[in-house]
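Residue numbers (our numbering): 13 to 312.
Built from N, CA and C at the ideal position, the CB exists for glycine as well.
A quick note: this is a predicted structure, and the numbers were derived from the prediction, not measured.
Written out below as structure tokens is the structure these notes cover.
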């Protein structure tokens, strides 16, 4: 396929572009500067600028654009950026698709499990209702923009959990662990939806051809709690796991980000991926962490 990728230089995008290229796909990267080669197309999502003719001959568009959620703290200004960056990018892409003489066959738009909100003791699948909170509101609007792609374009909103790899959010926890500051965050009983970097990019590639549309959860098949994940990371790095950071301390330090990223309880199941026949390389959080620690399937 000829695949146009937005957000190609990020943590997931770098690994995805490499995988798609090795699989024989022609990858064209959207860049926010003047294009310098035939595999680049210039765009400006802040201005809503993307020449529709750039989509000529394009089979699929993959959007990974959006301000990082792991950038802390989430000030009021940064929360605005989290929302605006996602809406601007998705709106620009869907507008270009609608104006293109030949719209792409597939649009894979990044999304997030934050759409479910904090849901203790509830198994969350793609059929679960939208939750409450800042991220739930962001994702609802984000997916609403993705849904504006042409009717002839199969559109998938892939809802990612914590991507485990060197460069992801868990890398911040790993850095603290390496200097002996690992510990339980809050009660540690909250479920963290996780997925290895390798399975994240494999799943995105899988969705290029899979007969799926609408929301698809990208999370590992075996649920794990925050306490289990941080303890396993400490074990594999041969460091102690001795501290407990109270929920109140996390909320005071990080505000909304603590409540929605670290303390939210989200037992997410990738039901549609499993039903479609996707097989995980790393079916457990321990296996994903081992790949991260060893550098296998991860970006330094």
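* Asked: Should residue 212 go down as buried or exposed, given a rule of 16 or more other Cβ atoms within 10 Å for buried?
  -> buried
* To do: State the DSSP-derived secondary structure class of residue 23, mapped to helix, strand or coil.
  => helix
* Got a sec? Which residues, its chain only, sit under 6 angstroms from residue 106 by beta carbon, not counting five neighbours each side? -> If we look at residue 106 and ignore the five residues flanking it on each side, its Cβ neighbours are 160, 161.
* Evaluate contact between the stretch 142–159 and the stretch 195–204, counting only Cβ atoms and requiring at least three cross-stretch pairs below 8 angstroms. => no
* Asked: Among the residues of its own chain, which have a CB less than 8 angstroms from the CB of residue 257, if the five just before and after it don't count?
  -> 195, 196, 197, 198
* Kindly identify the DSSP beta-bridge partner or partners of residue 227. => 169
* Asked: With DSSP run on the structure shown, which of helix, strand or coil describes residue 312?
  -> Annotation note: pLDDT 32 at residue 312 (below 50); position unreliable, no value reported.
* Whose CA, out of 116, 158, 23, 92, lies closest to the CA of residue 226? -> 158
* Within the stretch 189–229, note down every full alpha helix (DSSP H) run reaching 4 residues or more, in order along the chain. => 209–221
* Consult DSSP for residue 76 and reduce its assignment to one of helix, strand or coil. => Looking at residue 76 - three-state DSSP - the assignment turns out to be coil, as it is neither helix nor strand.
* To do: Answer yes or no: do residue 32 and residue 15 have a C-beta to C-beta separation smaller than 8 angstroms?
  => yes
* Asked: Can you name the start and end residues of the beta strand (DSSP E) that residue 317 belongs to?
  -> The requested residue 317 is not part of the displayed model; the chain covers only 13 to 312.
* Tell me where the alpha helix (DSSP H) around residue 125 begins and ends. => Here residue 125 belongs to no alpha helix (DSSP H), and DSSP marks it neither H nor E.
* Asked: Hey, is the stretch 169–187 in contact with the stretch 227–236, meaning 3+ C-beta pairs nearer than 8 angstroms?
  -> The answer is yes - the stretch 227–236 touches the stretch 169–187, with three or more Cβ pairs under 8 angstroms.
* Asked: Is the Cβ-Cβ distance between residue 300 and residue 208 less than 8 angstroms?
  -> yes
* So, residue 216 versus residue 120, is the Cβ gap smaller than 8 angstroms? -> yes
* CB contact below 8 angstroms: residue 58 versus chain C -> In the structure shown, chain C cannot be found, because there is only a single protein chain.
* Since residue 118 and residue 72 are thought to touch, with beta carbons under 8 angstroms apart, how far apart are those beta carbons, to the nearest angstrom? -> 4 angstroms
* Classify residue 191 as buried or exposed, calling it buried when 16 or more other Cβ atoms lie within 10 Å of its own Cβ. => exposed
* Per the contact definition of three or more C-beta pairs closer than 8 angstroms, is the stretch 175–183 in contact with the stretch 275–293? -> no
* Asked: For residue 293, does the count of other Cβ atoms within 10 angstroms reach 16, so buried, or fall short, so exposed?
  -> exposed
* For residue 58, name the three-state secondary structure that DSSP assigns. => coil
* To do: Alpha carbon to alpha carbon, how far is residue 34 from residue 138? Give it in angstroms, no decimals.
  => Each residue's alpha carbon lies about 31 angstroms from the other.
* Asked: residue 272: buried (16+ other C-beta within 10 angstroms of its C-beta) or exposed?
  -> Burial check for residue 272: the Cβ neighbour count within 10 Å reaches 16 or more, so the residue is buried.
* **For residue 292, the three-state DSSP class (helix, strand or coil)** => coil
* Whole-angstrom distance between residue 249 and residue 165, CA atom to CA atom -> Cα to Cα, residue 165 sits roughly 45 angstroms from residue 249.
* From what residue to what residue does the alpha helix (DSSP H) around residue 285 run? -> 283–287
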